[in-house]
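Chains as they are written, first to last, in the working numbering: chain A, 963 to 1037; chain B, 12 to 209.
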């Protein structure tokens, strides 16, 4: 099924690296409201892409900030 | 509400092909692409997860388009010479019509994504089956000399691709201006057939 475009959130972050054991990976993998996520670590903006039915951009920013990373919504 | 904008998506595909052909796979970035399309980086990430995702999706789209075009008016039951000539015509027509797409595919072939792309849909295996059938029928009907697959492929298509490359570059050996004609294609085809037929 096609993802509803309104449920995709795009952020600029400073998540320069991802690994299976990282807090970011673990937290986002285990979050019940996050359907899909990815970080483009090759990009200068380390773009985080999140698909979620219920979360708001603000909540996602808080989650990432709590993990010790900067996070800013891209429009 | 966000609406899927088909025109914008097409613009992204055209510009991505252009940039990858120009800068290569390593020199390409989502930022450069967004700038070239005059759209925000965020919009690009709505459609594609990252550079790899974009390249795989566009690569698969072009590969399907190319393979579908190569088997137009073709059937694996055709006599060998006729079938191969149709393949030549189709492959040449696609290259003449979409030189950028062909150049893009050449870049992608060298990238680590080539296999992912070819395994992304069963359409590619269907295509392989059709070609295999064509070769088997031709061998069975004694219209083709038995030889190793790669040897067959290089003789059957190599001459055409060399000529198409010269054509795309606009020059041949030593920078001599070059334009591929139907006559030249036929001449090369006849030479290839001589090597392939018993």
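Just so it is clear, CB atoms sit at the ideal spot from N, CA and C, and this is done for glycine as well.
As the structure is a prediction and not an experimental result, all values here were calculated from the model.
Residue interval of the alpha helix (DSSP H) (run including residue i)
i, result
"residue 165 of chain B", "160-180"
"residue 988 of chain A", "985-992"
"residue 205 of chain B", "193-207"
"residue 147 of chain B", "133-151"
"residue 1025 of chain A", "1019-1028"
"residue 23 of chain B", "17-38"
"residue 52 of chain B", "52-58"
"residue 70 of chain B", "62-81"
"residue 978 of chain A", "Where residue 978 of chain A is concerned, there is no enclosing alpha helix (DSSP H), given that its DSSP letter is neither H nor E."
Contact check, residue i vs residue j, beta carbons under 8 Å
i, j, result
"residue 997 of chain A", "residue 1013 of chain A", "yes"
"residue 131 of chain B", "residue 67 of chain B", "yes"
"residue 85 of chain B", "residue 97 of chain B", "yes"
"residue 1011 of chain A", "residue 56 of chain B", "yes"
"residue 971 of chain A", "residue 1025 of chain A", "no"
"residue 13 of chain B", "residue 967 of chain A", "yes"
"residue 191 of chain B", "residue 99 of chain B", "no"
"residue 42 of chain B", "residue 1002 of chain A", "no"
"residue 983 of chain A", "residue 1017 of chain A", "no"
"residue 1009 of chain A", "residue 52 of chain B", "yes"
Neighbourhood of residue i by C-beta distance below 6 Å, restricted to the same chain and skipping five residues each side
i, result
"residue 134 of chain B", "75"
"residue 31 of chain B", "39, 115 and 118"
"residue 80 of chain B", "101 and 105"
"residue 65 of chain B", "59"
Best match in the options for proximity to residue i [C-alpha to C-alpha]
i, options, result
"residue 113 of chain B", "B:138, B:64, B:180 and B:147", "B:180"
"residue 188 of chain B", "B:91, B:26, B:176 and B:37", "B:176"
"residue 20 of chain B", "B:125, B:44, B:184 and B:174", "B:44"
"residue 91 of chain B", "B:140, B:154 and B:64", "B:154"
"residue 89 of chain B", "B:126, B:146 and B:108", "B:146"
"residue 82 of chain B", "B:64, B:65, B:71 and B:103", "B:103"
"residue 26 of chain B", "B:47, B:52 and B:169", "B:47"
"residue 129 of chain B", "B:148, B:157 and B:71", "B:71"
"residue 122 of chain B", "B:184, B:37 and B:18", "B:37"
"residue 125 of chain B", "B:49, B:185 and B:73", "B:73"
"residue 158 of chain B", "B:144, B:127 and B:209", "B:209"
Residues near residue i by beta carbon distance below 7 Å, same chain, minus five either side
i, result
"residue 981 of chain A", "987"
"residue 166 of chain B", "203, 206 and 207"
"residue 111 of chain B", "28, 29 and 32"
"residue 1027 of chain A", "1033"
"residue 35 of chain B", "118"
"residue 95 of chain B", "167"
Burial state of residue i, where buried means 16 or more other Cβ atoms lie within 10 Å
i, result
"residue 1031 of chain A", "buried"
"residue 54 of chain B", "buried"
"residue 151 of chain B", "exposed"
"residue 136 of chain B", "exposed"
"residue 999 of chain A", "buried"
"residue 17 of chain B", "exposed"
"residue 24 of chain B", "buried"
Residue i Cβ short of 7 Å to the ligand ATP heavy atom set
i, result
"residue 128 of chain B", "This structure does not include the ligand ATP; it has no bound ligands of any sort."
Residue span of the beta strand (DSSP E) that contains residue i, given as start and end
i, result
"residue 1009 of chain A", "1009-1013"
"residue 107 of chain B", "Here residue 107 of chain B belongs to no beta strand (DSSP E); instead the alpha helix (DSSP H) covers 91-108."
"residue 1033 of chain A", "1033-1035"
"residue 971 of chain A", "970-975"
"residue 1002 of chain A", "998-1002"
Close-in-space but distant-in-sequence residues of the same chain around residue i (CB under 8 Å, 5 per side omitted)
i, result
"residue 142 of chain B", "87"
"residue 1007 of chain A", "974, 975 and 1036"
"residue 174 of chain B", "191, 195, 196 and 199"
"residue 989 of chain A", "1025 and 1029"
"residue 163 of chain B", "146, 155 and 207"
Proximal residues of chain C, C-beta to C-beta of residue i below 7 Å
i, result
"residue 970 of chain A", "Absent from the structure is chain C; the protein chains it does hold are A and B."
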